[in-house]
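Engineer: 9 is the number of the first residue of the sequence shown in the working numbering; add one for each residue after it.
Sharing a structure, written as structure tokens. Questions coming.
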Amino acid sequence: MKILIADNAGFCFGVKRAVKVAYDQINRDDNRRTYTYGELIHNPQVVRDLEDKGIKTIDGIDNLKENDRIIIRTHGIPEKTYKDLKEKKIELIDMTCPFVKRVQKIVNGYYKKGYTIVIIGDKNHPEVIGVNGWCDNSAYVIESVNDVQLLPYIDKACVVAQTTITQKMWEDSLNLLKLKVNELVSFNTICDATNKRQSSAEEISKKADVMIVIGGKNSSNTQKLKRICEKNCKRTIQVENADEIDLSIFNDNDIVGITAGASTPDYLIQEVINKIAINRKEDTNG
Ligand code: F3S
9 MKILIADNAG
19 FCFGVKRAVK
29 VAYDQINRDD
39 NRRTYTYGEL
49 IHNPQVVRDL
59 EDKGIKTIDG
69 IDNLKENDRI
79 IIRTHGIPEK
89 TYKDLKEKKI
99 ELIDMTCPFV
109 KRVQKIVNGY
119 YKKGYTIVII
129 GDKNHPEVIG
139 VNGWCDNSAY
149 VIESVNDVQL
159 LPYIDKACVV
169 AQTTITQKMW
179 EDSLNLLKLK
189 VNELVSFNTI
199 CDATNKRQSS
209 AEEISKKADV
219 MIVIGGKNSS
229 NTQKLKRICE
239 KNCKRTIQVE
249 NADEIDLSIF
259 NDNDIVGITA
269 GASTPDYLIQ
279 EVINKIAINR
289 KEDTNG
């Protein structure tokens, strides 16, 4: 058996930075209650570990008290939530990924100039909910090319992408959108880390007999990686950790490809590699 590990698997720059800052809060000695606004990353192990160390997850701000501290995750939050947090005098640690901040800024700027905003992405994803909050929740959110067909004709629109959608989704939607909008300004805001991770996964999955995608079940970028791999490798599985791997699925001569979503810590990737490599007693190539 041979193991191939995709380049750019696991934590991206934005997630690495947010996780580090969250762990930095654990040993502060000012006795402030510290929370993350929603699960910090889509990885249950990391979220549980932070909770065990006193950094709890909350989904709204109603129960926060003055001087509490809140960490904003990479996905960002709507403009109004910043105002609400300020009014409540909550200390903010803003870990919105700079690439997401850029999308919020574009949307806000064009909204103020009178453009209709279109976001290509998942309407229930916190990043999209946050971005939509920078244009008074007025955006059309496109989840599939069919949604583009349902749009009315628009005079002028600005279109952006959720940072983790696939390039194909962007291009297919944009091509149709051009037929629906008189004056269209487009910003392909898929982040570079996403592009690179998806291309590496695609490349490895073409060579693999079995493809393992490691990442949280509720992680949308992991789901997309899985879909990309499935196109090239029928035996693609998604796991959250090494315990979920059933070694009996492997054949002795299999080439096993491994990739991981943006919220998957290195140690979980390593545990998966170890489980397969040790049990099959074969070499690992990066
Ligand atoms: Fe930021 Fe891209 Fe990661 S937008 S959080 S670097 S996937």
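Here a beta-carbon is modelled for each residue, glycine too, at the ideal position from N, C-alpha and C.
Compare the beta carbon distance of K12 and A209 with 8 angstroms and say whether it is the shorter of the two.
Structural biologist: The amino acid at residue 12 is misidentified as Lys; the sequence shows Leu. No.
Engineer: So is G117 buried or exposed if we call it buried at 16+ other beta carbons inside 10 Å?
Structural biologist: exposed
Engineer: What residues are listed by DSSP as bridge partners for Y45?
Structural biologist: I66 and I80
Engineer: DSSP state of Y148, grouped into three classes?
Structural biologist: strand
Engineer: When every heavy atom of ligand 1 is checked, does at least one fall within less than 7 angstroms of the C-beta of A201?
Structural biologist: yes
Engineer: Does the Cβ of R81 have 16 or more other Cβ atoms within 10 Å, making it buried, or fewer, making it exposed?
Structural biologist: buried
Engineer: I need the straight-line Cα distance from I150 to K283, nearest angstrom please.
Structural biologist: 40 angstroms
Engineer: Mind the definition here: the region 92-102 touches the region 67-74 only if three or more C-beta pairs lie below 8 angstroms; say whether that holds.
Structural biologist: Flag = yes, the region 92-102 and the region 67-74 touch.
Engineer: Following a CB-centred definition, is F195 positioned closer than 7 angstroms to any heavy atom of ligand 1?
Structural biologist: no
Engineer: Out of K188, Q278, N261 and N259, state which residue places its alpha-carbon closest to the alpha-carbon of T267.
Structural biologist: Measuring C-alpha to C-alpha distances from T267 to each of K188, Q278, N261 and N259 identifies Q278 as the nearest.
Engineer: DSSP three-state call for N293: helix, strand or coil?
Structural biologist: In this prediction, N293 scores a pLDDT of 49, lower than 50, which makes its location untrustworthy; no coordinate-derived value is stated.
Engineer: Let me know the alpha helix (DSSP H) ranges lying completely inside the region 154-214, each 4 residues or longer, listed in chain order.
Structural biologist: Listed in chain order, they are 175-185.
Engineer: Need the endpoints of the alpha helix (DSSP H) that A30 sits in, please.
Structural biologist: F21 to D32
Engineer: Does the structure place the region 234-251 close enough to the region 190-200 that three or more beta carbon pairs sit under 8 angstroms?
Structural biologist: no
Engineer: Verify the contact flag: G22, CB atom, against every heavy atom of ligand 1, threshold strictly below 7 angstroms.
Structural biologist: Yes.
Engineer: With 16 as the cutoff for other CB atoms within 10 Å, does S271 come out buried or exposed?
Structural biologist: buried
Engineer: Restricting to Cα atoms, I'd like to know which of R243, V247 and D254 is closest to I263.
Structural biologist: R243
Engineer: Given N229, which residues of its chain have a CB within under 6 angstroms of its CB, disregarding the five upstream and five downstream residues?
Structural biologist: T172, G269 and A270
Engineer: Please list the terminal residues of the continuous alpha helix (DSSP H) segment that includes K91.
Structural biologist: E87 to E95
Engineer: Assign K242 to one of three DSSP states: helix, strand, or coil.
Structural biologist: K242 sits in coil when the DSSP states are folded into three classes, being neither helix nor strand.
Engineer: Within this structure, are the beta carbons of I198 and Q175 separated by less than 8 angstroms?
Structural biologist: The answer is yes: Cβ separation under 8 angstroms.
Engineer: Applying the criterion that 16 or more other CB atoms from any shown protein chain within 10 Å of the CB defines a buried residue, is G68 buried or exposed?
Structural biologist: exposed
Engineer: Determine the contact status of E252 and G224, defining contact as a CB-CB distance below 8 angstroms.
Structural biologist: Cβ atoms of E252 and G224: not closer than 8 angstroms.
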